[in-house]
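Residue numbers (this note's numbering): 93 to 566.
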């Protein structure tokens, strides 16, 4: 990160308090920086740039602040449709919340999420965790037979060889940027076990499309997070309250409904054009859009060939969520938990119980990869009947006990294009060093450009990096 001189540090320190006071916005002349996207990455870049004296305008395509941080305020229990957990290692998240007076609270571990209570529904048969571990048709290797297949994946590939959280981008480790299948086969994982793992794999639509290096990066991320003791946290009132507070703290405009279509260098400034015909100019631009949204933006001059390839080709996770409001805790009638792993259509169910009370106002059905297609194609009017039917196959007492409150499909949204960046085999070697490289006056942020921790903290880190690049030119 570029070194910031003492004057800028003093200016930034003075501006922190001012930003926290949520000032009224005045009409702005041409800003110094335009930020595209009001998610964590873009908002963190905007806050930091203002703290060092620059004028910033944020353009957001949707009518909502937060990007893929999204609290479903209209549903019971206010479940999260995006980022859920904030660990002690998420220093930028925690610090920003403290500076802006955003309250955080521990997410207590729910007894409903106890692994011993997990319900397995495999090949149409319901079993307890203990029964699954000893089942004759359990194809997993002996060391992981008691685990869920998706949980076993990171164990089966062996310990991560990465020496640090940032080493996933080191050329010495690109030899691991290959399909995970060969390594799994060498560790005794047969075809049937791989089918089970594929059912709920979060890091590729299939194991052949899953980079071993990306899995090692995930492993190392978990290892790094575990080094920081402390409770898993959430934002009081929902995690979306944090980006909303960040947007309020800005002096400059946050303009919603601005779908960017064109970014063009024009002499000593850069213009940004939107689908509604509006046009804005600034000395610099921070593009904090997910890559699928960037595919609809024309850059002049065009991005370098490799960077353009990365924008077009980088894979994103397909995840469909079905948020179910609980009218009756049907699982209590059967003496089991609503915490489910399945290779059937419902795949995984997680109860929403952040207070650890053992009660759940809502459940989220979490469907990955190819399994999303049939749910995504289903008309809204038919969702309830299918959920009722599929849930009753596993929990006979569940009929009439839940209501489908919301279907969330990030991969179907043109503003997101997927839940998170999922590097295909070979893509880390090709794209990891170009994906965040500045292009003239345009700088790039977003979780796909993070270099260390993943997820929400990675988004914040990327915004910080983009802001630092711009400040280095001041």
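Yeah, the Cβ is synthetic: ideal placement off N, Cα and C, and Gly gets one too.
Quiz item: Since residue 352 sits in a beta bridge, which residues does DSSP pair it with?
Solution: Reading the chain shown from its first residue, position 260 is the one you call residue 352. According to DSSP, residue pairing for residue 352 in a beta bridge involves 366.
Practice problem: Take the Cβ of residue 568 as the centre, count every other Cβ of all protein chains shown within 10 Å, and call the residue buried at 16 or more, exposed below. | Solution: Past the boundaries of the shown model lies residue 568; the chain is included only from 93 to 566, so the question cannot be answered.
Self-check item: Range of the contiguous beta strand (DSSP E) that encloses residue 196
Solution: In the chain shown, residue 196 corresponds to position 104, counting from 1. It spans 196 to 198 - the beta strand (DSSP E) in which residue 196 sits, taken as one unbroken run.
Exercise. Flag this pair as yes or no: are the beta carbons of residue 332 and residue 157 separated by less than 9 Å?
Key: Residue numbering aside, residue 332 sits at position 240 when the chain shown is read from its first letter. Residue numbering aside, residue 157 sits at position 65 when the chain shown is read from its first letter. Result yes, Cβ atoms of residue 332 and residue 157 sit closer than 9 Å.
Self-check item: Buried or exposed by the 16-neighbour rule on C-beta atoms within 10 Å, applied to residue 491
Solution: Counting from one through the chain shown, the residue named residue 491 turns up at place 399. The residue in question, residue 491, is exposed, as its Cβ has fewer than 16 Cβ neighbours within 10 Å.
Quiz prompt | CA nearest to the CA of residue 567, picked from 395, 257 and 292 | solution = Any answer about residue 567 is impossible in this case: the structure gives the chain only from 93 up to 566.
Quiz item: Roughly how far, in whole angstroms, is the beta-carbon of residue 151 from the beta-carbon of residue 364, given that I think they are within contact range, below 8 Å?
Solution: Translated into positions along the chain shown, residue 151 becomes position 59. Translated into positions along the chain shown, residue 364 becomes position 272. With a Cβ gap of about 7 Å, residue 151 and residue 364 count as contacting.
Quiz prompt | Bridge partners - residue 431, DSSP secondary structure assignment | solution = Here residue 431 refers to the residue found at position 339 of the chain shown. None; residue 431 has no bridge partner.
Practice problem: Counting only runs of 3+ residues fully inside the stretch 398 to 471, write out the beta strand (DSSP E) ranges in chain order. | Solution: Runs found: 411 to 418, 432 to 434, 440 to 444 and 454 to 460.
Practice problem: Would you kindly work out how many angstroms separate the C-alpha atoms of residue 470 and residue 415, rounded to a whole number? | Solution: Residue mapping note: residue 470 aligns to position 378 of the chain shown, counting from 1. Residue mapping note: residue 415 aligns to position 323 of the chain shown, counting from 1. The alpha-carbon atoms of residue 470 and residue 415 are separated by roughly 15 Å.
Practice problem: Using the Cα positions of residue 560 and residue 132, report the straight-line distance between them to the nearest angstrom. | Solution: Sequence index remark: in the chain shown, residue 560 carries index 468 (1-based). Sequence index remark: in the chain shown, residue 132 carries index 40 (1-based). For residue 560 and residue 132, the distance between alpha carbons rounds to 16 Å.
Practice problem: Using the DSSP secondary-structure output, state which residues sit across from residue 500 in a beta bridge. | Solution: Looking up residue 500 in the chain shown gives position 408. Partner(s): 413.
Quiz item: How many Å lie between residue 287 and residue 215 at the Cα?
Solution: Along the chain shown, read from residue 1 onward, the residue named residue 287 stands at position 195. Along the chain shown, read from residue 1 onward, the residue named residue 215 stands at position 123. Residue 287 and residue 215: Cα-Cα distance of roughly 12 Å.
Quiz item: Using the beta-carbon count (16 or more within 10 Å), is residue 311 buried or exposed?
Solution: Position 219 of the chain shown, counted from the first residue, corresponds to residue 311. With 16 or more other Cβ atoms within 10 Å, it is buried.
Self-check item: Identity of the residues DSSP links to residue 280 by a beta bridge
Solution: Counted from its first residue, the chain shown places residue 280 at position 188. The partner list for residue 280 (beta bridge, DSSP) is empty, contrary to what the question assumes.
Self-check item: Inter-residue Cα distance where the pair is residue 205 and residue 221
Solution: Taking the first residue of the chain shown as position 1, residue 205 is located at position 113. Taking the first residue of the chain shown as position 1, residue 221 is located at position 129. If you draw a straight line from the Cα of residue 205 to the Cα of residue 221, it comes to about 12 Å.
Exercise. Report yes if the C-beta distance between residue 124 and residue 370 is below 9 Å; otherwise report no.
Key: Here the question's residue 124 lines up with position 32 in the chain shown. Here the question's residue 370 lines up with position 278 in the chain shown. Not closer than 9 Å, so no.
Quiz item: Does the beta-carbon distance from residue 297 to residue 462 come in below 9 Å?
Solution: Taking the chain shown and counting its residues from 1, one reaches residue 297 at position 205. Taking the chain shown and counting its residues from 1, one reaches residue 462 at position 370. Yes. Within cutoff.
Quiz item: For the beta strand (DSSP E) that residue 325 lies in, which residues bound it at each end?
Solution: Here residue 325 refers to the residue found at position 233 of the chain shown. Counting along the chain, the beta strand (DSSP E) containing residue 325 begins and ends at 325 to 327.
Quiz item: Are the beta-carbon atoms of residue 556 and residue 326 separated by less than 9 Å?
Solution: Taking the first residue of the chain shown as position 1, residue 556 is located at position 464. Taking the first residue of the chain shown as position 1, residue 326 is located at position 234. Contact flag unset, no.
Self-check item: In DSSP terms, what residue 218 is bridged to
Solution: The count along the chain shown starts at 1 and reaches residue 218 at position 126. In DSSP, residue 218 forms a bridge with 213.
Quiz item: Should residue 506 go down as buried or exposed, given a rule of 16 or more other Cβ atoms within 10 Å for buried?
Solution: In the chain shown, counting from the first residue as 1, residue 506 sits at position 414. Exposed.
Quiz prompt | Span of the alpha helix (DSSP H), counted from its first residue to its last, around residue 309 | solution = One-based indexing of the chain shown puts residue 309 at position 217. For residue 309, the enclosing alpha helix (DSSP H) has its first and last residue at 304 to 318.
Exercise. Can you say whether residue 474 is buried or exposed, counting buried as having 16 or more other CB atoms within 10 angstroms of its CB?
Key: As a position in the chain shown, residue 474 is number 382, starting the count at 1. Exposed: under 16 other Cβ atoms inside 10 Å.
Quiz item: Which residues share a DSSP beta bridge with residue 392?
Solution: As a working note, residue 392 is residue 300 in the chain shown. In DSSP, residue 392 forms a bridge with 356.
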